[in-house]
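Q: Right, I'll just put the structure down here and ask away after.
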């Protein structure tokens, strides 16, 4: 039987956290270094842009691996790398495309493997439940960011819905804006990763809501 702790003792427990900066700090505040983040939203909402922008932020704190199974290394992906000046990170971000999750797990078993892993997307990576359980175990010492498509407001597929349920932080992306839905919410609770898109989208949305009233 484990020892119980008082309120003061619990508050004195030290967690390994990430002091995020800029818009990410405004959105999430300070988050744990390990665990599962689940990023989801409509098509063309800016999910992959959000994931790449977050990957660049995380590169300050360790090694990042971006698994680009949905888009590969197409011109659109290359343009996104330029837009977010990913070259600033040097070798701290590594990219791979069309890799199976089995191969990813093998890669993560090596010395000096990535601390943060972006899987874009759940659906295109064709993750088996047993593979997900392996990744979930690894999330005790690494961070996994899963990107998912949606139908309406729900992730596509039973496994994607399970990952959302398990996630420490759920992140909805709409109109170029990242919105924290989980346990970590910063002073603002959202971050416009695509500023022009977000300004046009949310301004239009606000006017529509006002008209409806």
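Residue numbers (our numbering): 1 to 213. Backbone N, C-alpha and C define an ideal beta-carbon position, used for all residues, glycine too.
1. Could you tell me the distance, in whole angstroms, from the CA atom of residue 207 to the CA atom of residue 199?
2. Here's the rule: buried if 16 or more other CB atoms are within 10 angstroms of the residue's CB, otherwise exposed. What is residue 190?
3. What residue ranges within the segment 98 to 185 form continuous alpha helix (DSSP H) runs of no fewer than 4 residues, ordered along the chain?
4. Rounded to the nearest angstrom, what separates residue 180 and residue 196 at their Cα positions?
5. Can you tell me whether residue 45 is buried or exposed, with buried defined as 16 or more other CB within 10 angstroms of its CB?
6. Can you tell me whether DSSP reads residue 61 as helix, strand or coil?
7. Since residue 122 and residue 147 should fall inside the 8 angstroms C-beta cutoff, what is the C-beta to C-beta distance between them, to a whole number of angstroms?
8. Taking the alpha-carbon positions, what's the residue 112 to residue 205 distance?
9. Alpha carbon to alpha carbon, how far is residue 150 from residue 41? Give it in angstroms, no decimals.
10. Tell me whether the beta-carbon of residue 31 lies closer than 7 angstroms to the beta-carbon of residue 166.
11. Sorted by chain position, which residues of the same chain lie with C-beta nearer than 8 angstroms to residue 72's C-beta, five sequence neighbours on each side aside?
12. For residue 5, collect the residues of the same chain with a Cβ closer than 7 angstroms to its Cβ; drop the 5 residues on either side in sequence, then sort them by chain order.
13. Count the other CB atoms within 10 Å of the CB of residue 209; is the residue buried (16 or more) or exposed (fewer)?
14. Quick check on residue 69: buried or exposed, where buried means 16 or more other Cβ atoms within 10 Å of its Cβ?
15. Determine the extent of the alpha helix (DSSP H) in which residue 28 is found, giving its start and end residues.
16. According to DSSP, residue 66 sits in a beta bridge with which residue or residues?
17. Measuring only the C-alpha atoms, how far is residue 163 from residue 138?
18. Look up residue 17 in the DSSP assignment and give the residues it is bridged to.
A: In terms of the structure at hand:
1. Annotation note: pLDDT 46 at residue 207 (below 50); position unreliable, coordinate value reported separately. Those two C-alpha atoms are separated by around 12 angstroms.
2. buried
3. 101 to 108, 122 to 125, 129 to 138, 158 to 166
4. 20 angstroms
5. buried
6. coil
7. 7 angstroms
8. 46 angstroms
9. 6 angstroms
10. no
11. 97, 98
12. none
13. Here residue 209 scores only 41 on pLDDT, less than 50, and its place in the model is too uncertain to base an answer on.
14. buried
15. 22 to 28
16. 95, 118
17. 14 angstroms
18. 32
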